[in-house]
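Report on one structure; see the data block that follows.
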Amino acid sequence: EDSGSMELAIKVLSPYVRLATDFGVTARYQSALLYARLGKTNEADKLFSEIQNRFPSSPLADESSYRRGELFYSDGSYAQAASRYDEYIEVFVDGKFIEAALYYCGDCYKNLGNYRDAISRYEVLLLKNPKSTFAYSCAKNLVYLYRIQKNFQKKKKNARIMLATSQTAEQKKESSKEVS
Numbered sequence: 014e015d016s017g018s019m020e021l022a023i024k025v026l027s028p029y030v031r032l033a034t035d036f037g038v039t040a041r042y043q044s045a046l047l048y049a050r051l052g053k054t055n056e057a058d059k060l061f062s063e064i065q066n067r068f069p070s071s072p073l074a075d076e077s078s079y080r081r082g083e084l085f086y087s088d089g090s091y092a093q094a095a096s097r098y099d100e101y102i103e104v105f106v107d108g109k110f111i112e113a114a115l116y117y118c119g120d121c122y123k124n125l126g127n128y129r130d131a132i133s134r135y136e137v138l139l140l141k142n143p144k145s146t147f148a149y150s151c152a153k154n155l156v157y158l159y160r161i162q163k164n165f166q167k168k169k170k171n172a173r174i175m176l177a178t179s180q181t182a183e184q185k186k187e188s189s190k191e192v193s
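In this text, residue positions in the sequence shown follow the working numbering: the first is 14, and each later residue adds one.
Written out as structure tokens, the structure is:
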């Protein structure tokens, strides 16, 4: 993609970004997406944050809030990503992206070495929806974290969840090893 055309699109949208209308919210959202694609994380985060906080009843508020975590996660800025995912989890308890936010927030904490908070996010996700598309990965991460903590009872419990939610022959084989 041509960064020049994305910059031009941002420039064209700029007068509308100031509007407190549905179109203004859409202009902010589209500009934020363009900034994200250009690698301008802070600019994108600022616009997504503005949608989330100034226009909480907008249909784009839920997604904008989630995207804030995603911006920093993809940069490997796990502390900032976790903070934004936690904010999403708190504000959008039943949001469209709640399962993804819980999973990636847990992943951020795992990468930061904060195993207690990682375990908490993964377990909440599995309680919320045991059949989530993230269930297998959550259980796998919990097996890893409980092994580190030498909590073999919980490790085995999550290995069973891994087995129950595995989709491929390779996942079933890996899960079976953990169960035994």
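Every residue, glycine too, gets a C-beta built ideally from N, C-alpha and C.
What you are looking at is a predicted structure, and each value in this text was computed from that prediction instead of being measured.
Selection Glu183, Gln162, Ala182 and Glu191 evaluated against Lys170 yields Glu191 as nearest (Cα-Cα). Leu21 sits exposed, since fewer than 16 C-beta atoms from the chains shown fall within 10 Å of its C-beta.
For Asn164, the secondary structure class from DSSP, reduced to helix, strand or coil, is coil.
Rounded to whole angstroms, Leu125 and Gln184 show a C-alpha spacing of 26 Å. Note that the C-beta distance between Tyr159 and Lys153 is not below 8 Å. Taken atom to atom, the span from the alpha-carbon of Asn66 to that of Phe165 is near 43 Å.
Membership of Pro28 in the alpha helix (DSSP H) is indicated by the continuous run Ser16 to Val30. Rounded to whole angstroms, the Cβ separation of Leu84 and Ile102 is 16 Å, and the two are not in contact under 8 Å. Spatial neighbours of Ile161 in its own chain (CB-CB distance under 8 Å, excluding positions within 5 residues in sequence) are listed in chain order as Tyr128.
Close CB contacts of Thr146 within its chain, under the 8 Å cut and outside five residues either way in sequence, are with Glu112 (chain order).
Runs of the alpha helix (DSSP H) lying entirely within the segment 38-99 and spanning at least 4 residues, in chain order: 54-67 and 74-88. Linking Ala94 to Glu187 through their CA atoms gives a straight-line distance of about 30 Å.
Here the C-alpha atom of Leu73 lies approximately 20 Å from the C-alpha atom of Lys53.
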